[in-house]
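Right, one structure below, let's go through it.
There are 2 protein chains.
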Amino acid sequence: MSSKEPDDCGFNAALQAIGGKWKPSLLWALHLRPHRFAELRRLLPGISEKVLAQQLRRMEADGLVNRHDYGEVPPRVEYSITPLGLSLNDAVTAMSKWGKQHESWKARQGAPV
Amino acid sequence: MSSKEPDDCGFNAALQAIGGKWKPSLLWALHLRPHRFAELRRLLPGISEKVLAQQLRRMEADGLVNRHDYGEVPPRVEYSITPLGLSLNDAVTAMSKWGKQHESWKARQGAPV
Numbered sequence: 139m140s141s142k143e144p145d146d147c148g149f150n151a152a153l154q155a156i157g158g159k160w161k162p163s164l165l166w167a168l169h170l171r172p173h174r175f176a177e178l179r180r181l182l183p184g185i186s187e188k189v190l191a192q193q194l195r196r197m198e199a200d201g202l203v204n205r206h207d208y209g210e211v212p213p214r215v216e217y218s219i220t221p222l223g224l225s226l227n228d229a230v231t232a233m234s235k236w237g238k239q240h241e242s243w244k245a246r247q248g249a250p251v
Numbered sequence: 139m140s141s142k143e144p145d146d147c148g149f150n151a152a153l154q155a156i157g158g159k160w161k162p163s164l165l166w167a168l169h170l171r172p173h174r175f176a177e178l179r180r181l182l183p184g185i186s187e188k189v190l191a192q193q194l195r196r197m198e199a200d201g202l203v204n205r206h207d208y209g210e211v212p213p214r215v216e217y218s219i220t221p222l223g224l225s226l227n228d229a230v231t232a233m234s235k236w237g238k239q240h241e242s243w244k245a246r247q248g249a250p251v
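Next comes the structure, spelled out in structure tokens:
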């Protein structure tokens, strides 16, 4: 594997972009259709306004999400997924599918993990 | 998203199985071909014997890796990837590809993140 480990590197970069409690769910919601801030908040019971705003800003900085301000009064702001976000959502979905499959496997083993 | 978030759940289960510094590289090496303990250690400079043994035991308990003891003297023990491990490696590879793509994207943005 020489000086550069082939798969760790990019894997950790991806984890950094999607890590944490809320980002996978936000990305999932936005891959279905664009959402307004208040809609996203309703989808994630327990998230505070501050944390949701922070997560969305990070995802915007990482190129996963577009923020569109319609410049209307009262304000109308919509979040949508970018092509980069969509490709991450695909990869995350593959991981999630595996995780669900693995949970069934562990249940079959009777492992209390 | 009701009480159960659709994609977080399985995603975290997958992360638990593959998380940490070494497991993605171990899985990658074993998806290429079976390896003996000493070979794996050489592939991962910096890993201690104790940590490597621990990681392999966990991956075995998670159904990712098979340990085959040939019962020879001197001992010959080989580790190979299971079908479950192979499917996780595919998902991890998709994430890693995305991570590499994202690093290029960030470089193009000139973001010092």
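Going line by line, the protein sequences match chains A and B.
Reading the first sequence from the start, the letters are residues 139 to 251 in the numbering used here.
Reading the second sequence from the start, the letters are residues 139 to 251 in the numbering used here.
Glycine included, C-beta positions come from ideal geometry on N, C-alpha and C.
(request) Mind checking who A:S218 pairs with in its DSSP beta bridge? (result) The sequence position of residue 218 of chain A within the first sequence is 80, counting from 1. Answer by DSSP bridge pairing, in chain order: A:N204.
(request) Have a look at B:A176, B:L226 and B:L181 and flag the residue whose alpha-carbon is nearest the alpha-carbon of A:W243. (result) The count along the first sequence starts at 1 and reaches residue 243 of chain A at position 105. Cα-wise, what sits closest to A:W243 is B:L226.
(request) List the whole-angstrom C-beta distance separating B:H169 from B:L224, where the pair is believed to meet the contact cut-off of C-beta under 8 Å. (result) For the purposes of this step, residue 169 of chain B is identified with residue 31 of the second sequence, where counting begins at 1. For the purposes of this step, residue 224 of chain B is identified with residue 86 of the second sequence, where counting begins at 1. Rounded, the Cβ-Cβ distance is 6 Å, consistent with contact.
(request) Compare the C-alpha of A:P162 against each of B:K159, B:L153, B:F149 and B:I156 and name the closest. (result) Here the question's residue 162 of chain A lines up with position 24 in the first sequence. The shortest Cα separation from A:P162 among B:K159, B:L153, B:F149 and B:I156 belongs to B:F149.
(request) Within 10 angstroms of the Cβ of A:W236, are there 16 or more other Cβ atoms? Answer buried if so, exposed if not. (result) Sequence index remark: in the first sequence, residue 236 of chain A carries index 98 (1-based). So A:W236 ends up on the buried side.
(request) Give a yes or no on whether 8 Å exceeds the smallest Cβ distance from A:A151 to chain B. (result) In the first sequence, residue 151 of chain A corresponds to position 13, counting from 1. It does; some Cβ of chain B falls within 8 Å.
(message) Could you compute how far the alpha carbon of A:E241 sits from the alpha carbon of B:T220?
(response) Against the first sequence, residue 241 of chain A aligns to sequence position 103. Against the second sequence, residue 220 of chain B aligns to sequence position 82. Near 16 Å, if we compare the C-alpha coordinates of B:T220 and A:E241.
(request) Check whether the Cβ of B:L224 lies closer than 8 Å to any Cβ atom in chain A. (result) By one-based count along the second sequence, residue 224 of chain B stands at place 86. By this cut-off, B:L224 is not an interface position.
(request) Consult DSSP for B:D171 and reduce its assignment to one of helix, strand or coil. (result) In the second sequence, the residue the question calls residue 171 of chain B occupies position 33. According to the sequence as given, residue 171 of chain B is Arg; it is not Asp. Here B:R171 sits in coil by DSSP.
(request) Using a Cβ-Cβ cut-off of less than 9 Å, list which residues of the stretch 233-248 of chain B approach chain C; keep chain order. (result) The question asks about chain C, but that chain is absent: this structure's protein chains are A and B.
(request) Would you mind telling me which residues of chain B sit closer than 7 Å to A:G201, beta carbon to beta carbon, in chain order? (result) Numbered from 1 along the first sequence, position 63 holds the residue referred to as residue 201 of chain A. Simply W243.
(message) Between the alpha carbons of A:G184 and B:V230, how many angstroms are there, rounded?
(response) Reading the first sequence from its first residue, position 46 is the one you call residue 184 of chain A. Reading the second sequence from its first residue, position 92 is the one you call residue 230 of chain B. Going by the C-alpha atoms only, they are around 29 Å apart.
(request) Could you spell out the range, first to last residue, of the alpha helix (DSSP H) harbouring A:V189? (result) Against the first sequence, residue 189 of chain A aligns to sequence position 51. Element bounds for A:V189: E187 to A199.
(message) Which residues in chain A have a C-beta closer than 7 Å to the C-beta of B:E155? List them in chain order.
(response) Taking the second sequence and counting its residues from 1, the one referred to as residue 155 of chain B is at position 17. Checking the sequence shown, residue 155 of chain B turns out to be Ala, not Glu. Result: H240.
(message) Taking CB distances under 8 Å as the criterion, tell me whether A:A191 reaches chain B.
(response) Counted from its first residue, the first sequence places residue 191 of chain A at position 53. So no, A:A191 is outside the interface.
(request) Using 10 angstroms around the beta-carbon of A:S234, count the other beta-carbons present and answer buried if the total reaches 16, otherwise exposed. (result) Taking the first sequence and counting its residues from 1, the one referred to as residue 234 of chain A is at position 96. Counting Cβ neighbours within 10 Å, A:S234 comes out buried, since at least 16 surround it.
(request) Counting only the same chain and skipping the five closest in sequence on each side, list residues whose C-beta sits under 7 Å from that of B:D145. (result) For the purposes of this step, residue 145 of chain B is identified with residue 7 of the second sequence, where counting begins at 1. At B:D145, the pLDDT of 44 sits below 50, so the modelled position is not reliable and the matter cannot be decided from this model.
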